[in-house]
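Numbering (my numbering), first residue to last: -6 to 745. Have a look at the structure below before the remarks.
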Amino acid sequence: MSTSIIGFPRIGENRELKRATEKYWKKEIDQNELLKISDDLKEKNWQIQKDAKLGLISAGDFSFFDNVLDAATLLNITPKRYADLGLNQLDEYFAQARGYQDDNHSVKALPMKKWYNTNYHYIVPEIDDDTEIKLVETRFFDDVKKAAAKHSNVKASLIGPFTILKLSRYVGKKSAEDFIEPIVEAYKEIFSRLNEIDIKWLQIDEPSLVFDLSADDKKLFDDLYTRILAIPHDFKINLQTYFGDVRDIYEDLVKLPFDGIGLDFLEGKQTADLIAKHGFDDNKVLFAGVVNGKNIWRNEYKKTIELLKSLPVKNIVISTSCSLLHVPYTVDNETDLDPELKQHLAFAYQKLDELHDLDEIFFNGNTELLDTNEALFKNVNHPKDPAVTKRIADLSDADYTRLPSRAERETIQKDEFHLPDLPTTTIGSFPQTKDVRKNRSLYKHHEIDKNQYDQFNKDKIKRIIEWQEEAGFDVLVHGEYERNDMVEYFGENLAGFAFTKKAWVQSYGTRAVKPPIIWGDVSRKNPITVAASTYAQSLTDKPVKGMLTGPVTIFNWSFPREDIPAKESVTQIALAIQDEVLDLEKHGIKIIQIDEAALREKLPLRKSDWYKEYLDWAIPAFKLVHSKVQPTTQIHTHMCYSEFNDIIKAIDNMDADVISFEASRSDLSIIDKLKANNFETEVGPGVYDIHSPRVPSQSEIYNVISDILAKLHESKVWINPDCGLKTRGESESFASLKNFIAAVQQKRGELG
Ligand SMILES: CN1c2c(nc(N)[nH]c2=O)NC[C@@H]1CNc1ccc(C(=O)N[C@@H](CCC(=O)N[C@@H](CCC(=O)N[C@@H](CCC(=O)O)C(=O)O)C(=O)O)C(=O)O)cc1
Ligand SMILES: N[C@@H](CCS)C(=O)O
Ligand SMILES: [Zn+2]
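Here is the structure:
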């Protein structure tokens, strides 16, 4: 047993789980069929790990939607309003993830948040004073049992209690500490059930240990684990961490009687030093996270082996830095990639092989494998563009400064646009219905020509412009029908990017993305969005927003190159998008939205790193994109993740004129912070959740608007949904937006 992974993707190489689950939701297949498809996927994953000769086979990492929701439902952390729906176990689970609506019920989904610094989202567990934590689910044990029946070296994995308690939202008076005893009781039951299954290890994931920890956090962890580890168990326990180092608790961790500790050597900047300084017991196993679970580049064996050899540790299992959930399945499916690039890629399957190679090199001294890998790294040819290098070298402070000041622009723009109070707009995309995707698919497969493809999209744009005008929107959008994804699309249209055919990575539930790969220097080849935006603007007298994705988001939702600093890559992208902004402006587009949906996502997990490692280059990159536009051109930005309470000043410093953001799923608490910080940018807090198919009523939206206006002055407020509508169907979107407009009109009527 010398290799292991933390977890494996589960959507299926061809997104089988997505297709099956969505069919189940539409009642096109029954639960048995869905369960059969998911069982096949699990078995395939175990077999792949076995074939790759992995020391341990991971079970329990499968999920129908999200592992945090799985761990919460296992422990009966299911709010009463979902339990009261009287649904079967799986439907109750989906109701929490997606909301539920029938003739007699209407329940919102639980909030969804970014999983640490990734583009994966988890469902936030909700705990109230009546929450009775106890073991109730069986799916986890069923999976582990099935894996153990087929394989002799199974490791079960579970998201741990500390992380669950830290990620949960407490809506009553009780807090995490009040749930220690019931959790320990539940773990007694979990261990007793696992004792009956032949597993070798239980991996308990505690990624929340990589945050800055307070004394109370450490006490909570200690109170939980001194008790849990005292429960009799016939398997070994690995305390698994990832996404950083555990500097605040390392010394306590190594003293606790865990059989193994899993540490991240890639994002964990201090991991090796912590071991060197404080030691690691000879009777413990180190699960050394040295194969990157987030990037798609081949592992450089020489460096990894040197690192492993430097560790003063007796028992090492070579592992991944985090779950392979964050990478696509296999490079083998990418038949169109440049071979020069392809040889440097490793997706999940290839990473399993890398673990095996490292095992052979480290434990068996296989030098041939080491030499072949070294040869590959001697020859990496990222396409270079001297013009891009020069453009960056010529930048000065003026390129990052927009004039005049925002306050002056606000007056100029109020005169320019004459918008009513509480201007209404949407975030950009309208439903990517089957016909829209089909049109793109036909074009990609050369079954229709460019003219036919464009004409279809133009018809869609015309229809949606008419619809928005009729519905009464003030600032319109063209609908983004030409985009497969807001980042992949720009990747396809910028020099320096490569893109894939099947390299899907789960983002949330059944939704996946194909992040483009930054392989060379980035520049804009041709105008990208100008034709669609100017066509849309030609159809109406109302302003149509130009719609772009910002440099930080393009970078964060791509697979970045690692040979140049992030700052340089992002600056290259910023200049390319600046070209597009100025082109849109030149062609008469007066409002331009530059989405920075992912800006918050890669904020370092530790506060001390926020500015020097990220914000100090991320915010200027955004400013570089829009600094040269006229005062009358209104710059909007959008973030679908509003956990930016602590970096509000930095967000204001982006110097946009208007920002829209997600707020409806997370109780509008951000608004208080905006007020307290004298936030200057005009704001459009999302007034309803577009991630759920549920249609909000007029009064529900009206109430949210009232809550916003109780705290923010109406002259500063825009009204919009909380994100784009691409994942929604048309009928639910149109119904929601009609209620939305009616709610705004009701409120405007009161304002007089
Ligand atoms: C806003 N969000 C985004 C994030 N990350 C991004 N990169 N993009 C985002 O928009 N992160 C945070 C949030 C929430 N996250 C997501 C992630 C993914 C989606 C989403 O809707 N994904 C779609 C896939 C979109 C896509 O690229 N579709 C392709 C079609 C691919 C396809 O299915 N083709 C069919 C053939 C079609 C046909 O012939 O009819 C096939 O292969 O079988 C496209 O449009 O061309 C998803 O379904 O998962 C949303 C939010
Ligand atoms: N303009 C994009 C932003 C999503 S975060 C959209 O509307 O889909
Ligand atoms: Zn969004």
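C-beta: ideal position from N, C-alpha, C; glycine also.
1) So for His580, helix, strand or coil by DSSP?
2) Quick check on the DSSP output: the beta strand (DSSP E) that includes Thr426 runs from which residue to which?
3) Please determine, among Lys335, Glu244 and Glu725, the residue with the shortest C-alpha to C-alpha distance to Leu369.
4) Report the rounded CA-to-CA distance for Arg402 versus Val710, giving the unit in angstroms.
5) Between Leu78 and Val100, which are expected to be in contact by the criterion C-beta below 8 Å, what is the C-beta distance as a whole number of angstroms?
6) In the DSSP assignment, what residue or residues form a beta bridge with Arg504?
7) Less than 8 Å separating the Cβ of Asp751 from some heavy atom of ligand 2?
8) Determine the DSSP secondary structure at Gln627, reduced to helix, strand or coil.
9) For Glu260, which three-state DSSP category applies?
10) Just to confirm before moving on: does the CB-CB distance between Val676 and Val697 stay below 9 Å?
11) Closer than 7 Å by C-beta to Ile420: which residues in its own chain qualify, once you throw out the five before and the five after it? Chain order, please.
12) Whether or not the stretch 574 to 590 and the stretch 199 to 219 are in contact is what I'm after, with contact meaning three or more pairs of Cβ atoms, one per stretch, closer than 8 Å; do they touch?
13) Look at the alpha carbon of Ala65 and the alpha carbon of Gly153, and state the distance between them as a whole number of angstroms.
14) Does ligand 2 have even one heavy atom less than 8 Å from the beta-carbon of Ile323?
15) Measure the C-alpha to C-alpha separation of Pro424 and Leu362 and round it to an integer number of angstroms.
16) Quick check: Asn450 and Ala525, are their CB atoms within less than 9 Å of each other?
17) Could I get the ranges of all uninterrupted beta strand (DSSP E) runs contained in the stretch 606 to 694, with 3 residues as the minimum, in chain order?
18) Keeping to the same chain, check which residues put their C-beta closer than 6 Å to that of Gln343; ignore five residues upstream and five downstream.
19) Taking C-alpha atoms, which residue in Ile663, Asp257 and Thr625 lies nearest to Val239?
20) Using CA coordinates, which residue listed in Pro508, Ile176, Val164 and Ser145 is at the minimum distance from Phe155?
21) Is it buried or exposed for Phe355, if we count other Cβ within 10 angstroms and need 16 for buried?
22) Between the alpha carbons of Ile157 and Glu673, how many angstroms are there, rounded?
23) CB-CB under 8 Å to Ser247, same chain, minus the five flanking residues each way: which ones, in chain order?
24) Among Leu705, Gly502 and Val563, whose alpha-carbon lies nearest the alpha-carbon of Leu103?
25) Should His631 be counted as a contact of ligand 2 given a C-beta to heavy atom distance under 8 Å?
26) Determine the closest residue to Lys668 out of Asn638, Ser150, Gln263 and Asn112, with distance taken between C-alpha atoms.
27) Taking 8 Å as the cut-off, is the beta-carbon of Glu594 closer than that to any non-hydrogen atom of ligand 3?
28) Within 10 angstroms of the Cβ of Ala45, are there 16 or more other Cβ atoms? Answer buried if so, exposed if not.
29) Leaving aside the five residues before and after Trp108 along the sequence, list all residues of the same chain whose C-beta is less than 7 Å from its C-beta, in chain order.
30) Shorter than 8 Å, the distance from the beta carbon of Met761 to the closest heavy atom of ligand 2, or not?
31) First and last residue of the alpha helix (DSSP H) that includes Ser31?
32) Ligand 2 and Leu317: does any heavy atom of the ligand fall closer than 8 Å to the residue's C-beta?
33) Below 8 Å, can you find three or more Cβ-Cβ pairs linking the stretch 22 to 41 to the stretch 120 to 128?
34) Which residue marks the beginning of the alpha helix (DSSP H) containing Trp18, and which one marks its end?
35) Suppose only complete runs of 4+ residues qualify. What are the alpha helix (DSSP H) ranges in the stretch 331 to 362, listed by chain order?
36) Checking 9 Å against the spacing of the C-beta atoms, do Gln57 and Tyr75 come in under that value?
Judging by the given coordinates:
1) coil
2) It is not in any beta strand (DSSP E) - Thr426 carries neither H nor E in the DSSP assignment.
3) Of the candidates Lys335, Glu244 and Glu725, the one whose C-alpha sits nearest the C-alpha of Leu369 is Lys335.
4) Taking the straight line from one Cα to the other gives about 16 Å.
5) Confirmed, about 7 Å.
6) Tyr501
7) With the chain running from -6 to 745 in the structure shown, residue 751 is simply not present.
8) strand
9) coil
10) no
11) His631, Ser653, Asn713, Pro714, Cys716 and Gly717
12) no
13) 10 Å
14) One detail in the question is off: residue 323 reads as Thr in this sequence, not Ile. Flag unset: Cβ of Thr323 not near ligand 2.
15) 49 Å
16) yes
17) 627 to 632, 651 to 654 and 675 to 678
18) Val324
19) Asp257
20) Ile176
21) buried
22) Their backbone Cα atoms lie some 36 Å apart in a straight line.
23) First, the residue type needs correcting, since residue 247 is Val and not Ser in the sequence shown. Only Ile254, His271, Gly272, Phe273, Asp274 and Lys277 meet the Cβ criterion.
24) Gly502
25) yes
26) Asn638
27) Annotation for Glu594 indicates a beta carbon at 8 Å or more from all heavy atoms of ligand 3.
28) buried
29) His114 and Tyr115
30) No answer is possible for residue 761: the residues shown for the chain start at -6 and end at 745.
31) For Ser31, the uninterrupted alpha helix (DSSP H) run begins and ends at Gln24 to Asp44, by DSSP.
32) Flag unset: Cβ of Leu317 not near ligand 2.
33) no
34) Per DSSP, the continuous alpha helix (DSSP H) segment holding Trp18 begins and ends at Glu9 to Trp18.
35) 332 to 335 and 341 to 357
36) Sequence check: residue 57 is Phe here, not Gln. No, Cβ-Cβ distance for Phe57 and Tyr75 is not below 9 Å.
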